[in-house]
Structures are given as C-alpha cells and as structure tokens.
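Residue numbers (the UniProt record's numbering), protein chains in the order written: chain R, 1 to 132; chain A, 1 to 132. Beta carbons: idealized from backbone N, C-alpha and C, even for Gly. Here is the structure we will look at.
2 protein chains.
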Amino acid sequence: MNIGDVAERSGLPAKTIRYYEDIGLIRPHRSANGYRCFAENDLHKLAFLARARALGFSIEDCRTLLGLYEDDTRASADVKALAQEHLTKIEAKIADLEAMRDTLTELVHCCAGDNRPDCPILKDLAGDIECL
Amino acid sequence: MNIGDVAERSGLPAKTIRYYEDIGLIRPHRSANGYRCFAENDLHKLAFLARARALGFSIEDCRTLLGLYEDDTRASADVKALAQEHLTKIEAKIADLEAMRDTLTELVHCCAGDNRPDCPILKDLAGDIECL
DNA sequence: ATGCTCCTTCCAGCAACCGGAAGGTCAACA
DNA sequence: TGTTGACCTTCCGGTTGCTGGAAGGAGCAT
C-alpha cells in the first residue's frame, strides 16, 4: 500500500504518517521507486496509534504502548499504570478547565453585554472584584 | 521597577514578561543602562494579562482584551462576546476530555493489572473491542 | 507529449513560552 | 580597588504534534 491508502484506511493524514516514521514509531519498507510501502501490520500499528492519540496519550506514551503491545511477555500492570497515570492527568485538566468555566460563566452572567463601557469582566481581570 | 520586581509582584516569570514585550503586549521604558523600567501601569497590565491567561484566554484574546480595557468607549457587549466564545471552547474541551476520561476509566477498570500479558486496554487500542 | 495525481524531501511555522550561553551592570564588602 | 554575586541584556534553540508549502520525481491516461 502507498501512503495515500494507509492514510485513508487509518484516518491519519499522510503528513502525520510520515512524521510517525520520522520519529521512529513505524518503519514501513520502500518500493523500488522510493515510495513508502506499507504492510497490513503497519496499517494496524497506525490504527493503534490513532486510537491511542484519540484517547489523549502523548506520543511518548504511544511509543511505550506500542512497545508493550508488541511484547508478548508484558505485564498488564505496566499498561494499566500508564493508563492510570494518564487518566489522572486528564482528570486534573478537567478540574482546571472546570474552574475556568465556572469563573467565566459567572463573569459572563454578570456582564450586561450592551453598548455601555462598564464591564465586570474587565474589572475582574483588572483585579477589581465586583459582581457578587 | 526592574523586571525582577514586576516578575515577583505580577507572579509572571521574567522570561514571560520579556516575551510579552517582544510580541507587543507591553512597552516598558528603558533606563540609561538598558534595563527595562516598569511603571505601575505596566505592572497593572501584567497582572491583567496573568489573570486573563489563567482563565485560559489566548495571547491574541488577551491583546484584544487589553485593547478593550484601555478603550473607554468600548461596548461591554464586545467583551462579553469574546468571553462567551472562549467559554464555549472551554466547554467543548471539557466534553472531549470527559469522553476520554470515561473511556479510560472503563479500560483501566477492566484491566487486571497483574503480571500476565492479557490486557483489555491494549486490545481496545488494537481495535479488538472487549470488556463490555 | 501532456496533463494530472500521487509520491518524495526539506524547510518554516503554529502557541506560549523555557533553558541556557555569553556578556554587561550594580551594589556591597574586604 | 578589586572582586564577588546577583541582577540585567540579547540571542538561539528546544518543546509538542503536527501542518503547509515549495521543488521535484513517478505513474498513468490521453
């Protein structure tokens, strides 16, 4: 398969696939004309990567996960630990974003949103606490 | 004030303050020795920026917000619209992260986490759906 | 031969900084 | 007076995970 085919079948852009080769996540063969030549196994790995990325794993985590995936003697504990750690980070991010959301929601709620200049959002940013 | 003083008082690293000058968010004067020389107004702006950044506004949003802040003839509707748009993006991000969290939570829950190789997390990533 | 699409490599850039090198300045202290 | 140490300066490169574009080769249809 050429890169266009695996791009379509994996859902990853060709650019991304080349990048993954660049950083050593995959190692497709080359045809005589210099084109990358992908086997089913490469496609499978790319789909794995696409899914792991969609779950928010970093590239380095993905590298580790691929390594574990290909290691028949892995301990599931290692995979679980990685996933758990990632989950913890995601939960922290959610908490951060929720704090922003709550503050912003209140500020937006307090702002008249008319054509007058008076604005509690700017006041809050400027350090004048107002509105409740 | 020198940069170290405003860094301490605004809570922003000196590097960040220099960067903000670079991209034109602030324009501190210079002393005879070439050191940046910050007025109270600069400090005030930096605190404004720090707070806006903490609420997740992008640098470009911050630039706009600062502009609105300094414009006495602004309409609060413009500020509110910007904040509302940002809020919507944050809510979308939260939703994305929550979807990841939910999937990961389930996968982590399904994984034995022992020293055997069998792992539903890897199976899921590989496209074999298992575990409910 | 021409045109079109696909492929290749390489280079630049995005956000929002951070780290470090190389060097100038300043205040204090022996 | 010399020197130490803390501060300041600029500049360059790296971070993450790609994305866009330029310049050029390959393959196929007409």
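Cα atoms of R:K80 and R:L25: separation of roughly 21 Å, rounded to the nearest angstrom.
Under a 10 Å Cβ-count criterion, R:R116 is classified as exposed, with fewer than 16 other Cβ atoms of the shown protein chains found around its own Cβ. For A:G113, the closest C-alpha among the options R:L107, R:L82, R:L97 is that of R:L82. Assignment of beta-bridge partners to A:C37 by DSSP yields A:H29. The C-alpha of R:F48 is placed about 14 Å away from the C-alpha of R:T16.
For A:M100, the enclosing alpha helix (DSSP H) has its first and last residue at 76-110.
Rounded to whole angstroms, the gap between the alpha carbons of A:D42 and A:R27 is 8 Å.
The DSSP-derived three-state label of R:S10 is helix. Here the segment 81-100 of chain R makes contact with the segment 93-112 of chain A; the two share three or more CB pairs at distances below 8 Å. In the three-state reduction of the DSSP assignment, R:D61 falls in the helix class, which pools H, G and I.
In this structure, A:M1 places its C-beta atom within 9 Å of the C-beta atom of A:A39. By the C-beta density criterion, R:I121 is buried, having at least 16 other C-beta atoms within 10 angstroms. Straight across, the Cα-Cα distance linking R:G11 with R:Y35 is about 19 Å. When C-beta distances to chain R are compared with 7 Å, the residues of the segment 90-104 of chain A below that value are I90, E91, K93, I94, L97, E98, M100, R101, T103, L104, in chain order. R:S58 does not reach chain A, its nearest Cβ partner there being about 13 Å away, counting only Cβ pairs nearer than 9 Å. Interface criterion met: the Cβ of R:F48 is under 9 Å from a Cβ in chain A.
Under the three-state reduction of DSSP, A:L55 is assigned to coil, being neither helix nor strand.
Taking R:C110 as reference, the option from A:L66, A:A77, A:R30 with the minimal CA-CA separation is A:A77. Annotated three-state conformation of R:I129 is coil, per DSSP.
Taking 9 Å as the threshold, the shortest C-beta distance from A:Y69 to chain R falls below it. Sorting A:H29, A:V108, A:D118 by C-alpha distance to the C-alpha of R:T73 places A:D118 at the top. Within the same chain, and ignoring the five residues on either side of R:A52 in sequence, the residues whose Cβ sits closer than 6 Å to its Cβ are C62, L65.
Setting aside the 5 residues that flank it on each side, R:L104 has no residue in the same chain whose C-beta is closer than 8 Å to its C-beta. Beyond the five residues adjoining it in sequence on each side, A:Y20 comes within less than 6 Å, by CB distance, of I26 in the same chain, given in chain order. At least one CB atom of chain R sits nearer than 9 Å to the CB of A:D124. Rounded to the nearest whole angstrom, the CA to CA distance from A:A54 to R:D5 is 43 Å.
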